[in-house]
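In our numbering, the protein residues as written are 491 to 885.
Heads up, the thing below is written out as structure tokens.
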């Protein structure tokens, strides 16, 4: 029926209808083709990076197929030595389910630029495919050149002041600005007698070298200890961190102030001795100037129990140089009436700037013959009393 009606139409009408049908069919096919699509994209597909950088790309997906797609993810091409992988939900993934429509930040692509990557432009191609559809995403990465050797060895508060005998601790930082991991060995050029130690911050072990990652830093505690008796003044201590490719240097400054210090003891450190009543005993003393300034007119005095005598081989020292020790003999004589037992005797050393003292425990012993005589006297007295009571007791 329709065919007969069509035959009765003029030719020009039939041609218009045919053209309209063809156009409608083409439009329908185009709409269908556009809808049945899978697209993977990222907001920033081009970046300027540095060698050794770790990058992340948030991946968005569009599904125009009308139903969900289980899309396989793959790295179609990546420069040699580069590493990349897909992640979703905190785990590495190989597929992603793309719902119909827009899917923002559905997956993440991680890529690591090699530390030795040369300056230039690099391309990575990612692919998502499933249900007969696929999409390719091209990432363009520009590796910028960097000037190596820009590392540093710096110290916060590199100038400190204190007295002799004080240890000085400096907080220093090694900054490795190169594209490779570096192992730095430590050295110092301190004055004779000084010690310098290096220890990673937060640890308790001294080290001679340490490894620092590329473009990373390591904080160190540098401890400087001057020798006893060091003279007052300003001292500069150069320190270095040396790797295979660079030498990092820094300077520490220590200002030593005047210190007046006296110490009194014995050569062995023993502060006790035995003595006999009314007999002289010699004791060797050591007087030390542990400061960093020469001491003038150092005098020795004593404080002993009543009736005791204390004499010195040398009761004063004209000059005791910084760091020097001088031995002096003390001659101690307990009193004649001293009974057996322990006594305390004090010896003092001082000048106008410093002083010290030492307390000695003196154990006094009596002669054996006097002990025998004492016993005999006691026995004689007891015998006399017994005789008197026996002879006159009844009266």
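We put the CB at the ideal spot given by N, CA and C, even for glycine.
Neighbourhood of residue i by C-beta distance below 8 Å, restricted to the same chain and skipping five residues each side
{"i": "residue 875", "result": "none"}
{"i": "residue 757", "result": "774, 776, 817"}
{"i": "residue 589", "result": "553, 558"}
{"i": "residue 755", "result": "761, 775, 776, 778, 848"}
{"i": "residue 647", "result": "660, 661"}
{"i": "residue 867", "result": "none"}
{"i": "residue 491", "result": "Low confidence applies here, because residue 491 scores a pLDDT of 48, under 50, leaving its location unreliable and the question unanswered by this model."}
Residue i vs residue j beta-carbon contact at 9 Å
{"i": "residue 547", "j": "residue 600", "result": "yes"}
{"i": "residue 673", "j": "residue 707", "result": "no"}
{"i": "residue 837", "j": "residue 799", "result": "no"}
{"i": "residue 713", "j": "residue 657", "result": "yes"}
{"i": "residue 627", "j": "residue 535", "result": "yes"}
{"i": "residue 545", "j": "residue 631", "result": "yes"}
{"i": "residue 808", "j": "residue 783", "result": "no"}
{"i": "residue 586", "j": "residue 618", "result": "yes"}
{"i": "residue 830", "j": "residue 856", "result": "yes"}
{"i": "residue 844", "j": "residue 785", "result": "yes"}
{"i": "residue 841", "j": "residue 768", "result": "no"}
{"i": "residue 659", "j": "residue 693", "result": "no"}
{"i": "residue 815", "j": "residue 803", "result": "no"}
{"i": "residue 823", "j": "residue 770", "result": "yes"}
Straight-line gap, residue i to residue j (C-alpha atoms, nearest Å)
{"i": "residue 523", "j": "residue 541", "result": "In this prediction, residue 523 has a pLDDT of 44, which is less than 50 and means its spatial position is unreliable; what the coordinates show is noted afterwards. Going by the C-alpha atoms only, they are around 42 Å apart."}
{"i": "residue 562", "j": "residue 538", "result": "28 Å"}
{"i": "residue 573", "j": "residue 614", "result": "10 Å"}
{"i": "residue 766", "j": "residue 821", "result": "12 Å"}
{"i": "residue 778", "j": "residue 810", "result": "8 Å"}
{"i": "residue 847", "j": "residue 640", "result": "57 Å"}
{"i": "residue 575", "j": "residue 695", "result": "39 Å"}
{"i": "residue 623", "j": "residue 564", "result": "14 Å"}
{"i": "residue 578", "j": "residue 625", "result": "19 Å"}
{"i": "residue 620", "j": "residue 580", "result": "23 Å"}
{"i": "residue 734", "j": "residue 741", "result": "21 Å"}
{"i": "residue 801", "j": "residue 789", "result": "13 Å"}
{"i": "residue 728", "j": "residue 612", "result": "44 Å"}
{"i": "residue 519", "j": "residue 556", "result": "Low per-residue confidence applies at residue 519: pLDDT is 47, beneath 50, and the placement is therefore not dependable enough to give any value."}
{"i": "residue 603", "j": "residue 780", "result": "59 Å"}
{"i": "residue 610", "j": "residue 635", "result": "8 Å"}
{"i": "residue 584", "j": "residue 560", "result": "10 Å"}
{"i": "residue 441", "j": "residue 764", "result": "Absent from the model: residue 441. The displayed extent of the chain is 491 to 885, so no value can be given."}
Own chain residues within Cβ distance below 6 Å of residue i, not counting five before or after
{"i": "residue 835", "result": "794, 850, 852"}
{"i": "residue 685", "result": "715"}
{"i": "residue 683", "result": "717"}
{"i": "residue 649", "result": "743"}
{"i": "residue 806", "result": "789"}
{"i": "residue 680", "result": "686, 727"}
{"i": "residue 772", "result": "819, 821"}
{"i": "residue 568", "result": "574, 614"}
Nearest to residue i (by Cα), restricted to the options the options
{"i": "residue 527", "options": "592, 871, 698", "result": "592"}
{"i": "residue 448", "options": "696, 746, 726", "result": "Since the first residue of the chain shown is 491 and the last is 885, residue 448 is not available in this structure."}
{"i": "residue 701", "options": "695, 711, 690", "result": "690"}
{"i": "residue 642", "options": "814, 762, 730, 781", "result": "730"}
{"i": "residue 651", "options": "723, 780, 687", "result": "723"}
{"i": "residue 654", "options": "751, 802, 660", "result": "751"}
{"i": "residue 813", "options": "753, 556, 688", "result": "753"}
{"i": "residue 745", "options": "720, 737, 768, 764", "result": "720"}
{"i": "residue 570", "options": "764, 555, 608", "result": "608"}
{"i": "residue 827", "options": "797, 711, 755", "result": "797"}
{"i": "residue 629", "options": "681, 866, 533, 560", "result": "533"}
{"i": "residue 485", "options": "763, 531, 870", "result": "Past the boundaries of the shown model lies residue 485; the chain is included only from 491 to 885, so the question cannot be answered."}
{"i": "residue 709", "options": "645, 763, 529, 736", "result": "645"}
Cβ shell of residue i (< 7 Å), same chain only, five flanking positions each side left out
{"i": "residue 704", "result": "542, 605, 666, 668, 669, 670, 671"}
{"i": "residue 833", "result": "795, 852, 854"}
{"i": "residue 675", "result": "698, 699, 732"}
{"i": "residue 517", "result": "A caution first: residue 517 carries a pLDDT of 45, below 50, which makes its placement in the model too unreliable to give a value."}
{"i": "residue 549", "result": "530, 532, 596, 597, 598, 599"}
Any non-hydrogen atom of the ligand GTP closer than 8 Å to residue i Cβ
{"i": "residue 625", "result": "Absent from the structure shown: the ligand GTP. Ligands present: none."}
Test: residue i CB closer than 9 Å to a CB of chain D
{"i": "residue 803", "result": "In the structure shown, chain D does not exist; there is a single protein chain."}
Those runs of the beta strand (DSSP E) which lie wholly inside the segment 724-750 and span at least 3 residues: Entirely contained in the segment 724-750, the beta strand (DSSP E) runs reaching 3 residues are, in chain order, 737-747.
Jot down the residue ranges of each uninterrupted beta strand (DSSP E) in the segment 634-667, minimum 3 residues, whole runs only, in chain order. Those beta strand (DSSP E) runs which fall completely within the segment 634-667 and span 3+ residues are 642-646, 649-653, 658-666.
For the segment 785-851, list the beta strand (DSSP E) runs that are entirely contained and at least 3 residues long, ordered along the chain. Within the segment 785-851, the complete beta strand (DSSP E) runs of at least 3 residues are 785-793, 799-802, 806-810, 815-823, 831-840.
Please give the ranges of any alpha helix (DSSP H) in the segment 537-578, keeping only runs that are unbroken, at least 4 residues long and fully inside the region. As far as the segment 537-578 is concerned, it has no whole alpha helix (DSSP H) run of at least 4 residues.
Could you give the uninterrupted runs of the beta strand (DSSP E) lying entirely in the segment 598-628, keeping only those of 3 residues or more? At a cut-off of 3 residues, the continuous stretches assigned as beta strand (DSSP E) that sit fully inside the segment 598-628 are 610-620.
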